[in-house]
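Residue numbers (the UniProt record's numbering): 1 to 1262.
Each remark here refers to the structure printed beneath this line.
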């Protein structure tokens, strides 16, 4: 019962968005109680006290007393409590403390005022949380509450499910089967999870029960209950918390810098007017002194709180193009009145020739019989909802009905409609289809606008298809001249759609003539009608063709499938040791089966695991379809790109489906170019069958005419972020019922179809009706910037108007982050930097990295890197079972131990190959196994970033001139890029331990992602890194916790650009983030840290006048020079890392063993003659008469032409040797003529190379 009251209170507070309960537990020895629990709810003056002999009972009593308070003040009714909870008595034995913090005496607070405050759901963030910092602290405390601390076995809701699964695996039992159902009260909804477990040694069945405001929380409490029962029956022992390695055990890093650099820093600080920290002689480990400097040199001026504005709108006007948001300069259209334009449009419409077959097809659609109803409802109502089954024709016909009605009534100039789609492919294909049905080409009455591509229609009497993101950008210039806005596929509930809905609701209240139409096949009509004030709903009945669908048990039984038994998971070297973060194992939902099928079918369904895509089942379905002999394409829905690549590899090498004469296998993904996406719509020869492998991009508004069969994995890839542990979760989750219905509808568009769902019928019944709105599970800082850029008022007030408002905690976290980035001032208004970040189409954190890189002169390199980080990796794995990079792919990092530098180099070299011609580009991509589609996407994103910075933010275009870098020689530009990674990605920093293991700043153990250049190809090989410190892009949680995209950094880079906690523990002892110890002169460290205000001041000055960023003052040039020297990998000296590694190998007591490794040159040269090769290349370079004409001198490091030329020849030699080694490893005997012919080609390519430091053998020589 104790858990029930706490679960209910947590759910009620969350449902009413009143904050999270905070339990403060202290130990005492008075009044016969060991523990005292004080319960506080943010924003409440009421506090409840519970005393008991255990923590669990104390927290329960405090929760019980708070519920009693809610009943007493009539905020809830006793009948609201679930039946499992007994209403608390009116009189409580616990203390009730009711205080008013604004008074010095102990007068009571008026309860009615408190109740009124709680009912104010649209209060601003400042009203809800008077102190943002205190609120953040409270949120962190509540997030870390151990909801079952003091329970019998010591488990918590955070580790209960994983612990129970581990126990069941040990006793050879299947995963625990949770039966979850919803419980509704008058004002709230809760989930109840139940489960049973039979143990032969007990000869009884144990039953567990748990409740929570979410399904996951209910299951966690249910698992916790089962564990405690097992513990009480002596089946398992108490939970043992993993012992975490402390920072004291990390090896101290010795750092020294040159006296010259130290003197230059001191001189610069003096000239800048910065005072150093006080005397550090008294600093000690017990009384450390912070080195952080809070002095501000230049800062953004405080903006006056802006007045809330409405998005501008007006009906169509003469001489106005709504799509371009500009006046019309084309004669005679610019001088014609709206009446004259309407008459001309009517004349053109009457001359349209519509093929008879198109007219018949349109009239055969189910939506056609509702045509007049749609027109009438749209004319009479500002907002209307249309709900129709997939295939009824609403996406293509509704906008045409409106357009034709206005044109034929002679009012064509009074119509201009926007139709939004969730994805670019659906926007483009729908526009093409509608234009085809109207007998036109795109650009007349129909157009589209998506990222990187647009075809604008005529200014009047037209329809524009666009993605929701493009509409969001268009709001800044207003919606003048737009009469109708149609939001299609509204059920998807992405964050941009929910944002636009808030804006549209405000607009229809302000502007009576604007019309909004919401459409979906599976819309929650009650949710949206209530939101828009009882707007009318039109239900479209019927679909063109029927679809017969099957579930997993039907497929197994009909096809007689029996997969091989599950093999026990082999132990790998990826098992995490003590201190690892726990990964919750997901249950196998296919264990749930009905009683309608035989035992063998149930067993086959059981062996189809949730975490794996059953390619064997998909293969069997395809064979059955092929043997049936009927034509029709097959559309297979898979969770993500990696699953598509795996399936392509599987079916391309298949004895049947690998036959290209009979089967055409095509991928469909958002990262593909429009041209490559359109391949799925093209017809194939009569003797061929298309097999399309797609993510949910094909789920809505995409009609592939020849698709007859759909195979649905019933999975989706979902990304969430948890700020508390800085974790990005990429999870393959079960799709919702709405998703499955949409996928099913992709079949049967032009004929009767079939759909195969790879989940059981009972599992389908347990799926969520729809996925959780994106606004409720993702960070809000990007959308918060959009709110401020559009002058829509306070972020908290605006988002509280959403159809499902996000938690207040998420709003506060977004506000805190934007203030830390200097994007918002103390009044919550945009700074000049904030305006720039709001316009950049990337995350604000990446956006600030780009801005800083631009003013430091490396904007070209950083724009490439950010574009690459925003896309999928360009590397294609050779083997679907091993994702490690090949030797050729690793060569792009050179000697930098950096995945980020590798991304820049691969793009630069691909760009050079493109300049040489299509054949060179193709050879380049094939040799290095690169995805050309991803590289094209990176180029498009980079061009867009530069366009925004130059044209919208006024930075000089000269700052983005092409920069050549070297990944094998010292390069100051590369050093700055890595420093800026620390600046932007902190706290994503880790400390290398051994193998693939690293410590994050949270002192959690993680693994280096296998696709990193910092992971050896051979498991027995050990890398030697210049430093133990790395910066990484993100921390991922899948089956293990891994750090993705790492770059080796120096301690000085972390000291200056990263650490938020720098303390002096002695004159030669510095501790970073209370984790990383450094042996360094404290005064020098203080001077380096004091450079931070100088960097921020430089950024402020550059953002205040971005047009002058290309003209750097002498003082700023000194700062850039100091930053380059500090960023240098040779700018610090310490004990040889190899000596430390050898010492650790010989000393098992450290627990961090690491073996010495040969240097990179020696590893590449099997004879150890690397230095001889370098000298030989240098001699060749000196005698080559063409060197002076072909190789430039490097502007930063003053490297001679012969040095660069020698470097190129050495790298060509390395590339040939690497290819030879790989061929020998694979058992391939290289052709002597091929190898010999490579040498002159390599020399010639190096000779004609006009760039600096490509660092690898050119593609033309391969």
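Cβ coordinates follow ideal geometry from the N, Cα and C atoms, glycine included.
Here the structure is a predicted model, which is why all the values come from computation and not from measurement.
- Around the beta carbon of residue 505, a 10 Å sphere encloses 16 or more other beta carbons of the protein chains shown; the residue is thus reported as buried.
- In the three-state scheme derived from DSSP, where H, G and I count as helix and E and B as strand, residue 1045 is classed as strand.
- Taking 8 Å as the upper bound for CB-CB distance, residue 690 and residue 664 are in contact here, some 5 Å apart.
- With a threshold of 16 other beta carbon atoms within 10 Å, residue 256 falls short and is exposed.
- Judged by DSSP secondary structure, residue 739 falls within the alpha helix (DSSP H) whose first and last residues are 737 to 744.
- The Cβ-Cβ distance between residue 951 and residue 901 does not fall below 8 Å.
- For residue 757 and residue 547, the gap between their C-alpha atoms comes out near 12 Å.
- If you draw a 10 Å sphere on the C-beta of residue 280, you find 16 or more other C-beta atoms in it, and that means buried.
- If you compare the alpha carbons of 164, 492, 752 with that of residue 229, the shortest gap goes to 164.
- Taking 8 Å as the cut-off, the beta carbon of residue 975 is found closer than this to the beta carbon of residue 1127.
- Contact between residue 316 and residue 416 holds, with the beta-carbon distance rounding to 6 Å and staying under 8 Å.
- Burial of residue 963 is indicated by the presence of at least 16 other C-beta atoms within 10 angstroms of its C-beta.
- Distance check between residue 749 and each of 632, 818, 552, 897 places 632 closest, using alpha-carbon atoms only.
- Residue burial annotation: residue 1048 is buried, with at least 16 other C-beta atoms found within 10 angstroms of its C-beta.
- According to DSSP, residue 190 shares a beta bridge with 183.
- Around the CB of residue 198, fewer than 16 other CB atoms lie within 10 Å, so the residue is classed as exposed.
- The C-alpha of residue 166 is placed about 47 Å away from the C-alpha of residue 924.
- For residue 645, no beta strand (DSSP E) encloses it; the enclosing alpha helix (DSSP H) starts and ends at 641 to 652.
- Between residue 679 and the set 21, 659, 251, 704, the nearest pair of CA atoms involves 704.
- Taken atom to atom, the span from the alpha-carbon of residue 1073 to that of residue 1046 is near 19 Å.
- Counting of Cβ neighbours within 10 angstroms places residue 491 among the buried residues, the total reaching 16 or more.
- If you ignore the 5 residues before and after residue 1106, its C-beta comes within less than 6 Å of the C-beta of 953, 954, 955, all in its own chain and listed in chain order.
- Residue 1065 sits buried, since 16 or more C-beta atoms from the chains shown fall within 10 Å of its C-beta.
- If you ignore the 5 residues before and after residue 789, its C-beta comes within less than 6 Å of the C-beta of 838, all in its own chain and listed in chain order.
- Under DSSP, residue 455 takes part in a beta bridge, and its partners are 448.
- Contact between residue 516 and residue 508 holds, with the beta-carbon distance rounding to 6 Å and staying under 8 Å.
- In summary, residue 467 is buried, with 16 or more beta-carbon neighbours lying within 10 Å of its beta-carbon over all protein chains present.
- By the criterion of at least three beta-carbon pairs nearer than 8 Å, the segment 812 to 832 is not in contact with the segment 1082 to 1090.
- Around the beta carbon of residue 285, a 10 Å sphere encloses fewer than 16 other beta carbons of the protein chains shown; the residue is thus reported as exposed.
- Around residue 917, the same chain offers no residue with a beta carbon nearer than 6 Å, after the five sequence neighbours per side are excluded.
- By the neighbour-count criterion, in which 16 or more other beta carbons inside 10 Å mark a residue as buried, residue 686 falls on the exposed side.
- Taking the CA atoms as reference points, residue 227 sits about 24 Å from residue 766.
- Here residue 697 is not near residue 667, since their CB atoms are 8 Å or more apart.
- For residue 1103, the three-state secondary structure derived from DSSP is helix.
- In the displayed model, residue 965 falls within coil according to three-state DSSP, outside both helix and strand.
- Across the set 1078, 310, 699, the C-alpha of 310 shows the shortest separation from the C-alpha of residue 475.
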